[in-house]
Structures are given as structure tokens and as C-alpha cells.
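Below you'll find the structure, written out as C-alpha cells, and then a few comments.
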Amino acid sequence: MHRFQRACSAFAALAALLVCTAAAAAADVPGSKDHPLLTRFKGAVITHYQTRDFDEAVMPIKPIAEPDKVAATDLATAEGKITRIDYSVPGNKTALEVMRNYEQALAAAGFQTLFQCGGDRCGRGMGGYLANSEKVLPLGFNASFDPKNRYLAARRSNAQGDVSVLLWVAEDGANERTLVFEQVVEARPMATGQVSVLTAADLKKGIDSTGSVAIYGIQFDTAKADIKPESRPSLDEMAKLLAANPAMRVYIVGHTDNVGQLAGNLDLSQRRAEAVAKALAGMKIDPQRMVAKGVASLAPVAANTNDAGRARNRRVELVLQ
0 MHRFQRACSA FAALAALLVC TAAAAAADVP GSKDHPLLTR FKGAVITHYQ
50 TRDFDEAVMP IKPIAEPDKV AATDLATAEG KITRIDYSVP GNKTALEVMR
100 NYEQALAAAG FQTLFQCGGD RCGRGMGGYL ANSEKVLPLG FNASFDPKNR
150 YLAARRSNAQ GDVSVLLWVA EDGANERTLV FEQVVEARPM ATGQVSVLTA
200 ADLKKGIDST GSVAIYGIQF DTAKADIKPE SRPSLDEMAK LLAANPAMRV
250 YIVGHTDNVG QLAGNLDLSQ RRAEAVAKAL AGMKIDPQRM VAKGVASLAP
300 VAANTNDAGR ARNRRVELVL Q
């Protein structure tokens, strides 16, 4: 009798443990929540979550044949606050059923569809672009390349502002679930006045003090190495510094945050550093006095765990040779 009671007690404890473990496994990741404009599909759990206070996002608006040959006309872009959510819907829900529910919700909220597709109609490169280009799904987010996947890009414009939504719904039969990736971009003005242009005197003071100086006024579009026009005041001051100190030789060092792959960021930071050196050479600074180096995220000055830290890490530095 005692053995039976002990066995029952052990079974009950194990059952309770399994229930608690299952409940924990089904919990949303800490700090995550549904976007207020779009609730989750019933039963879905948030597995990954990311927000950006201000950034640029892209959405395919045409079928993608090759993930590495996407033209600008294949994409719609949006700037503002970005929320990216990865959901897992347990059970045997089809991608079509899940997407149809989202379509109804978006239509009821006044959204207009920019592009939608399913399976082969999305182009054989759609999944690869969404999952691997590092322009849509962040690293670590779930992806499945089932042929029944569904895709939708939609936008709403009203008195409250523009909102863009991207949805990628993918069946993951091996794990008996359906994956939903949701990206919401709320257009809003960027907080300005956070960066002032360092004068040539400021740059000289920094180099004399520490041997280097960080410059935040050199601006680039996301994942690009073309210097934006608003960078001219900072370039002018850099040129003034070098012109006034003809014996000065410097490294021009490009830095990025840690978003994306290290290899890609090393290449990007190198191209950005070279673009700055080329611009200064065009302002009559001897190219032999400058060496461009890209170090990606290998020398951070702040944690890359938040927007403020990532913004501090994205910079160009002048380093005395």
C-alpha cells in the first residue's frame, strides 16, 4: 500500500512538473508583447521580439526570383519605429488559414494590400531574401521554407500617420507548428538635435588628448556606403583639420554596431572608411596621408543591447598614425 501511495505521489509530482514545463515553454519571451495595432493569432506564442526607435525597413512588393539580385523597384521602404515579432502557432493550422485571419484584420483596420502571394507565386527567392538578407528577419528569428508559405505587405495612411505591415506565414511541419513573422513600421519623425558638428579645433583637441576622435556627423543609409549629403559639414571640418596640419597622417576607421554578420559588417565598415577617405581626397587632402580601415563592431564604445548604444557604436574615427 505504501509503495502504491509513493508511486502515485511520484506520478503526480512528475505530471505537475510536465505541466509546469509545458506552460513555461509556451510563455512569451520576456519583455515581448503584441503590437497594439495587430493582435496575435489565437494560441500563438512570441518566440522572438525586437524593436527599433527609428530605422529603415524594406518590404518586397514583387516576386523575388533570386535573393541576391533584388532591385530597388522590387521593394517598398519605410522609416520610423519598427517592431518585429516572431510567433509560433502550435498544432496543424495551415499558413493559408492564419494569413486569411490577418488579411481580414488588416482590411477591417483600413490597410491597403501592396503585394501578397503564396508558394511559387512569391518567386523561388522570396524565402531566402526574407530569412537571409539581414534586411527583414533579424538573426535568430525562426524561418521555414515550406512551399505553402504565404506573404503579405500592406500599408495604411490616415490622420494618425503611415503604418506599414509585413507578414510571412510559414508551415513548419517537422515541429508541428506554423510560424508567423510580423514587421510593423510606424512612420514618425526622428529625434533631432542629438548630434552637433565638431569643428576642426574640436577634432585637433581630441587627437592631441587621446590620439583619436569619434565623428558622428558622417551619415550613411542602412547597409550602404554612400555618404549622405548632410555629412558635408563634418567632412569640411575634417578637411580643415588636415589642411591646417600638413604633417598629420591618420587612419580613417569605420565602425558599425553588431546587427548582422561580422563578415558583412567588416566589408561595410571598410567601404565606408574608404568612401570618407575618397571624399577628403576630393577636397585636396593628399590620399597618401590617409589609410582607411573598417573594424565593424570589434571596438564598441557602448553596449549593443539598445538603440542608444548601437547609435554610439556607428561612427567614423580619425586615429593618429
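For reference, each letter of the sequence shown is one residue, going 0 to 320 in numbering that gives the first Met the number 0.
Every residue, glycine too, gets a C-beta built ideally from N, C-alpha and C.
On a predicted model such as this, the values are computed, not experimentally measured, just so you know.
- Residue state for Ala64 is assigned as coil, using DSSP reduced to three classes.
- One Cα belongs to Ser31, the other to Ala291, and the distance between them is close to 40 Å.
- With contacts defined by Cβ atoms closer than 8 Å, Ala158 and Leu113 do not form a contacting pair.
- Three or more Cβ pairs closer than 8 Å define a contact, and the segment 64-73 falls short of that threshold against the segment 145-160.
- Taken in chain order, the complete beta strand (DSSP E) segments of 3 or more residues contained in the segment 112-162 are 149-157.
- Close CB contacts of Ala153 within its chain, under the 7 Å cut and outside five residues either way in sequence, are with Leu105, Phe110, Gln111, Thr112, Leu113, Val164 (chain order).
- Contact annotation: Val318 and Gly253 have beta-carbon atoms that are not nearer than 8 Å.
- The C-beta distance from Val294 to Ile217 rounds to 15 Å, too long to fall under 8 Å, and the pair is not in contact.
- With fewer than 16 neighbouring CB atoms inside 10 Å of its own CB, Thr38 falls in the exposed class.
- For Lys292, the uninterrupted beta strand (DSSP E) run begins and ends at 289-293, by DSSP.
- Three or more pairs of CB atoms, one per stretch, sit closer than 8 Å, so the segment 162-181 contacts the segment 80-92.
- For the 8 Å CB-CB criterion, Leu151 and Leu166 form a contact.
- Per the coordinates, the alpha-carbon of Tyr101 lies some 23 Å from the alpha-carbon of Glu78.
- Under the DSSP definition of a beta bridge, Leu178 partners with Ser87, Ala169.
- Closest by C-alpha distance to Arg83, out of Gly118, Ala70, Met58, is Met58.
- In this model, Ala107 and Pro146 are separated by some 28 Å (Cα to Cα).
- Judged by DSSP in its simplified three-state form, Gly210 adopts coil rather than helix or strand.
- Distance between Val212 and Lys227, taken at the CA atoms: about 21 Å.
- Taking the Cα positions, Arg51 is about 17 Å away from Val28.
- Boundaries for Tyr250: no alpha helix (DSSP H) harbours it, while the beta strand (DSSP E) harbouring it runs 249-254, taken from the DSSP string.
- Beta-bridge pairing by DSSP links Thr76 to Val57.
- Between Ala298 and the set Thr198, Thr255, Arg271, the nearest pair of CA atoms involves Thr255.
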